[in-house]
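Visitor: Here my numbering runs 12 ahead of the position in the sequence shown, where the first position is 1.
One structure, pasted below without further comment.
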Amino acid sequence: MHLWQSLENKSAIILLFIANSVSGVAQGLTVIAIPWYIINTLNEPTLFGVIYFGVTFLSLLWGTYAGGLIDKFNRKNLFIYQNLAGCAILSFAALFGFYFDGISLETASVVFMFSIFIYNIHYPNLYAFVQEISETENYGKVNSYIEIQGQLTTVLSGSLAAILISGSSNFFSVEIKQWSLQQVFALDACTYLSAAFIIFFIKYKPLVQRYKEGGNVLQQIVTGFKYLKQHKNIFLFGTASYGIFICILLATHYILPNYINQILNQPVNVYAEVEILFALGAIFAGITITKIFAKTNAIVAIIIMTVLVALLFFTVNLYPQLWFFYFAFFIIGLCNAGTRITRITFIFEKIPNQMIGRSSAIFRIGAALIRLFFIAIFTLPLFTANLKLPFYIYFIYLMATALLLYKAYLNLYKKKLS
């Protein structure tokens, strides 16, 4: 209660949360439905890996440019434009599907690509806007609320995906027939439009001063690189702290549909249920993480969670039982969200709002390059024939990022070089 009383832009943040929830349903449904459709309905897991590689590569370029847009233009307007763009793309795809009585592989791929593009500007813009309209002392609490709100949305979209993609004959004694992909796209288009409408009514007072910079967006991106070059330990932290997120993003879109189908021998609803448990873990993190690590340095807290996730990925392969898989992804969801809350609060405190969009974009460049590497090797026959190998690779990678984070910790605190 104290948080909401102390927020000067309380109504703006509440409306932003509501809009984020509405548009999050669209994003959640799309990123669950399309991978399952291509990998299992069309039986093209390797092809989806190639598609995901291409989308990630394009996102590398787009995400960098998006960071410049976030720092150059009004962030509220960017929210409206991205939701209207999502509405237009999903509407066109849905109409195409209804007209031709089905969604082609090409259409699904294009929708997936634009959904990832929207995601790549949505969250950096969200956090930059929140930093702009929140008091410094409220950063951690507001970030926790964003995590809770976002993951509740994930639970909702995951539940809807489980019901709509596979159909349900026992949903509160109501029979729900399986939805086609074009019907899902039509629903997504409506949620994007609703989010744009809500954001239009947001009124706020900026709590930080942003000055107008000279040059175009590309020149301002160069300024962002120069800024982080002067703050190398912040750059090391910002890049290495993405470890868990990188693993989860690729696992959700590519590894899990195959792993659940072939290693665990389970149907599509398990995929959605894992997403729900992952989100519930994240919600728990939003409620408790600032209390759990209240007396712990932010970088040390992230190191602890990174090592824990690495051990869980390793153990899941040694003990491939469904109940343990559920438990592991609940804890992984907690650590992923806990790391994000801690990382973003730390970055808010260290990086000025003027540079936050570009800095976040540069951190994501490193994350995207690592994802490209993982996608490239995970689509090789060695990995498609041995579906446990990716989780072992994740174990090694996360332990390495934990060491890099420890180096950043030593430089920033123990050696007093900040």
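We put the CB at the ideal spot given by N, CA and C, even for glycine.
What span of residues does the alpha helix (DSSP H) with residue 344 cover, start to end?
Guide: As a first step, residue 344 is located in the sequence shown; it is residue number 332 there, counting from the start. Its alpha helix (DSSP H) spans residues 334 to 362.
Visitor: Mark residue 24 as exposed unless 16 or more other C-beta atoms lie within 10 angstroms of its C-beta, in which case mark it buried.
Guide: Here residue 24 corresponds to residue number 12 of the sequence shown, with the count starting at 1. Buried is the call here.
Visitor: Quick check on residue 193: does DSSP put it in helix, strand or coil?
Guide: To locate residue 193, count along the sequence shown from 1; it is residue 181. Helix.
Visitor: Can you tell me whether residue 255 is buried or exposed? The criterion is at least 16 other CB atoms within 10 Å of its CB, across all chains shown.
Guide: One-based indexing of the sequence shown puts residue 255 at position 243. Label assigned to residue 255: buried.
Visitor: Does residue 365 pass the burial test, meaning 16 or more other C-beta atoms within 10 Å, or should it be called exposed?
Guide: As a working note, residue 365 is residue 353 in the sequence shown. Its Cβ being crowded by 16 or more others within 10 Å, residue 365 is buried.
Visitor: Tell me whether the region 346 to 353 and the region 287 to 306 touch, counting them as touching only if at least three CB pairs, one residue from each stretch, are closer than 8 Å.
Guide: yes
Visitor: Taking contact to mean at least 3 C-beta pairs separated by less than 8 Å, is the region 78 to 89 in contact with the region 228 to 241?
Guide: yes
Visitor: How would you label residue 136, buried or exposed, when you count the other beta carbons within 10 angstroms and need 16 or more for buried?
Guide: Reading the sequence shown from its first residue, position 124 is the one you call residue 136. Per the 10 Å Cβ criterion, buried.
Visitor: What do you get for residue 402, buried or exposed, if any count of 16 or more other CB atoms within 10 angstroms of its CB means buried?
Guide: Here the question's residue 402 lines up with position 390 in the sequence shown. Looking at its Cβ environment, which holds 16 or more other Cβ atoms inside 10 Å, residue 402 is buried.
Visitor: Quick check on DSSP: helix, strand or coil for residue 225?
Guide: Within the sequence shown, residue 225 is the residue found at index 213, counting from 1. Of the three classes helix, strand and coil, the one that applies to residue 225 here is coil, per DSSP.
Visitor: In the structure shown, what three-state DSSP assignment does residue 116 receive?
Guide: As a position in the sequence shown, residue 116 is number 104, starting the count at 1. Of the three classes helix, strand and coil, the one that applies to residue 116 here is coil, per DSSP.
Visitor: Since residue 344 and residue 293 are thought to touch, with beta carbons under 8 Å apart, how far apart are those beta carbons, to the nearest angstrom?
Guide: Residue numbering aside, residue 344 sits at position 332 when the sequence shown is read from its first letter. Residue numbering aside, residue 293 sits at position 281 when the sequence shown is read from its first letter. Indeed they touch by this definition, with Cβ atoms about 7 Å apart.
Visitor: For residue 213 and residue 328, I'd like the C-alpha separation in whole angstroms.
Guide: Stepping through the sequence shown from its first residue, residue 213 is reached at position 201. Stepping through the sequence shown from its first residue, residue 328 is reached at position 316. Computed Cα separation, rounded: 46 Å.
Visitor: Helix, strand or coil for residue 220? Go by DSSP, reduced to three states.
Guide: The sequence position of residue 220 within the sequence shown is 208, counting from 1. Here residue 220 sits in coil by DSSP.
Visitor: Output the boundary residues of the alpha helix (DSSP H) element that contains residue 411.
Guide: Within the sequence shown, numbered from 1, the residue matching residue 411 stands at position 399. From DSSP, the alpha helix (DSSP H) with residue 411 extends over 401 to 421.
Visitor: Less than 6 Å between C-beta atoms, sequence neighbours within five positions excluded: which residues of the same chain meet that for residue 406?
Guide: What you label residue 406 is simply residue 394 of the sequence shown in a count that begins at 1. Within the same chain, residue 406 has close Cβ partners 259 and 325.
Visitor: Return yes when the Cβ of residue 91 is within less than 7 Å of the Cβ of residue 275, no when it is not.
Guide: As a first step, residue 275 must be located in the sequence shown, where it is residue number 263. As a first step, residue 91 must be located in the sequence shown, where it is residue number 79. Contact: no.
Visitor: Within 10 Å of its beta-carbon, does residue 361 have 16 or more other beta-carbons around it, so buried, or fewer, so exposed?
Guide: Mapped onto the sequence shown, residue 361 falls at position 349. With fewer than 16 Cβ atoms within 10 Å of its Cβ, residue 361 is classed as exposed.
Visitor: Residue 262 and residue 145 - do their beta-carbons sit closer together than 7 Å?
Guide: By one-based count along the sequence shown, residue 145 stands at place 133. By one-based count along the sequence shown, residue 262 stands at place 250. Contact: no.
Visitor: Just the Cα atoms here: how many angstroms apart are residue 221 and residue 266?
Guide: Numbered from its first residue, the sequence shown carries residue 221 at position 209. Numbered from its first residue, the sequence shown carries residue 266 at position 254. The straight-line gap from Cα to Cα measures roughly 42 Å.
Visitor: Would you say the region 125 to 132 touches the region 243 to 255, given that touching needs at least three Cβ pairs under 8 Å?
Guide: Using a Cβ-Cβ distance cut-off of 8 Å, the region 125 to 132 and the region 243 to 255 are not in contact, since fewer than three pairs of beta carbons, one from each stretch, lie closer than that value.
Visitor: Give the DSSP-derived three-state secondary structure of residue 54 in the structure shown.
Guide: Reading the sequence shown from its first residue, position 42 is the one you call residue 54. Here residue 54 sits in coil by DSSP.
Visitor: Look at residue 38 and residue 204 and say whether their C-beta atoms are less than 7 Å apart.
Guide: As a working note, residue 38 is residue 26 in the sequence shown. As a working note, residue 204 is residue 192 in the sequence shown. Cβ atoms of residue 38 and residue 204: closer than 7 Å.
Visitor: Pairs of beta-carbons, one from the region 95 to 115 and one from the region 408 to 424, closer than 8 Å: are there three or more?
Guide: Contact check between the region 95 to 115 and the region 408 to 424: fewer than three CB pairs, one atom from each, fall below 8 Å, which does not count as touching.
Visitor: Here's the rule I'm using: 16 or more other beta-carbon atoms within 10 Å means buried, otherwise exposed. How should residue 400 be labelled?
Guide: Translated into positions along the sequence shown, residue 400 becomes position 388. With fewer than 16 other Cβ atoms within 10 Å, it is exposed.
Visitor: Mind checking which residues open and close the alpha helix (DSSP H) that includes residue 317?
Guide: Here residue 317 is taken as the residue at index 305 of the sequence shown, counted from 1. Taken as a continuous stretch (DSSP letters only), the alpha helix (DSSP H) holding residue 317 covers 310 to 330.
Visitor: Exposed or buried, what is residue 335 when buried is set at 16 or more other beta-carbons lying within 10 Å of its beta-carbon?
Guide: Residue numbering aside, residue 335 sits at position 323 when the sequence shown is read from its first letter. Exposed, because fewer than 16 other Cβ atoms sit within 10 Å of the Cβ of residue 335.
Visitor: If I measure Cβ to Cβ from residue 151 and keep anything under 6 Å in the same chain, skipping five residues before and after, which residues do I get?
Guide: Here residue 151 refers to the residue found at position 139 of the sequence shown. So the qualifying residues of the chain are 357 and 360.
Visitor: CB-CB under 8 Å to residue 229, same chain, minus the five flanking residues each way: which ones, in chain order?
Guide: For the purposes of this step, residue 229 is identified with residue 217 of the sequence shown, where counting begins at 1. These residues qualify, in order along the chain: 77, 80, 81 and 84.
Visitor: Tell me which residues share the same chain as residue 312 and place their Cβ nearer than 6 Å to its Cβ, disregarding the 5 neighbours each side in the sequence.
Guide: If you number the sequence shown from 1, residue 312 lands on position 300. Answer for residue 312: no residue qualifies.
Visitor: Should residue 257 and residue 290 be called a contact, given that it needs their Cβ atoms to be closer than 7 Å?
Guide: Within the sequence shown, the letter at position 245 stands for residue 257. Within the sequence shown, the letter at position 278 stands for residue 290. No. Outside cutoff.
Visitor: As a quick exercise: from 157, 339, 113 and 225, pick the residue whose alpha carbon is nearest that of residue 33.
Guide: Residue numbering aside, residue 33 sits at position 21 when the sequence shown is read from its first letter. Of 157, 339, 113 and 225, the residue nearest in Cα terms is 157.
Visitor: If you follow the alpha helix (DSSP H) that residue 22 is in, where does it begin and where does it stop?
Guide: In the sequence shown, residue 22 corresponds to position 10, counting from 1. Where residue 22 is concerned, the enclosing alpha helix (DSSP H) stretches over 22 to 48.
Visitor: State the DSSP-derived secondary structure class of residue 103, mapped to helix, strand or coil.
Guide: Numbered from 1 along the sequence shown, position 91 holds the residue referred to as residue 103. DSSP places residue 103 in helix when its eight states are reduced to three.
Visitor: Going by beta-carbon coordinates alone, are residue 108 and residue 119 separated by less than 7 Å?
Guide: Your numbering for residue 108 matches position 96 in the sequence shown. Your numbering for residue 119 matches position 107 in the sequence shown. Yes.
Visitor: Taking the Cβ atom as the reference point for each residue, do residue 374 and residue 240 lie within a distance shorter than 7 Å?
Guide: By one-based count along the sequence shown, residue 374 stands at place 362. By one-based count along the sequence shown, residue 240 stands at place 228. Taking the C-beta atoms as reference points, residue 240 is found nearer than 7 Å to residue 374.
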